[in-house]
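Residue numbers (my numbering): 1 to 79.
Below is one structure; the comments refer to it alone.
Below is the structure:
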């Protein structure tokens, strides 16, 4: 299941969240987007990163990423 992670440089929560997402969804399924490179995204996500969305744009989790939440989403949307 492809997911997008909105992240930023120097974000310890982002690094942990990326590692968890890659473990759950697979290395190739994770696309990283640095919110600092787009003013619109920066405004939307600046205090929320990391934010993980599925291919439909549904937020799966944000902030302190929970492996259990990601695995539950995967099980429900990718049987």
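Every residue, glycine too, gets a C-beta built ideally from N, C-alpha and C.
Rounded straight-line distance, which links the Cα of residue j to that of residue i
i, j, result
"residue 30", "residue 70", "12 angstroms"
"residue 47", "residue 63", "9 angstroms"
"residue 17", "residue 39", "22 angstroms"
"residue 8", "residue 57", "19 angstroms"
"residue 36", "residue 2", "22 angstroms"
Cβ-based burial, residue i [other Cβ within 10 Å; buried from 16]
i, result
"residue 73", "buried"
"residue 12", "exposed"
"residue 50", "buried"
"residue 23", "exposed"
"residue 28", "exposed"
Proximity winner among the options, relative to residue i (alpha-carbon distances)
i, options, result
"residue 76", "34, 50, 54 and 32", "54"
"residue 4", "68, 37 and 59", "59"
"residue 67", "8, 40, 32 and 19", "19"
"residue 43", "6, 2 and 26", "6"
Segment limits, beta strand (DSSP E) that includes residue i
i, result
"residue 42", "It is not in any beta strand (DSSP E) - residue 42 instead sits in the alpha helix (DSSP H) that spans 39-45."
"residue 61", "59-62"
"residue 3", "3-7"
Where the alpha helix (DSSP H) containing residue i begins and where it ends
i, result
"residue 18", "12-25"
"residue 69", "67-77"
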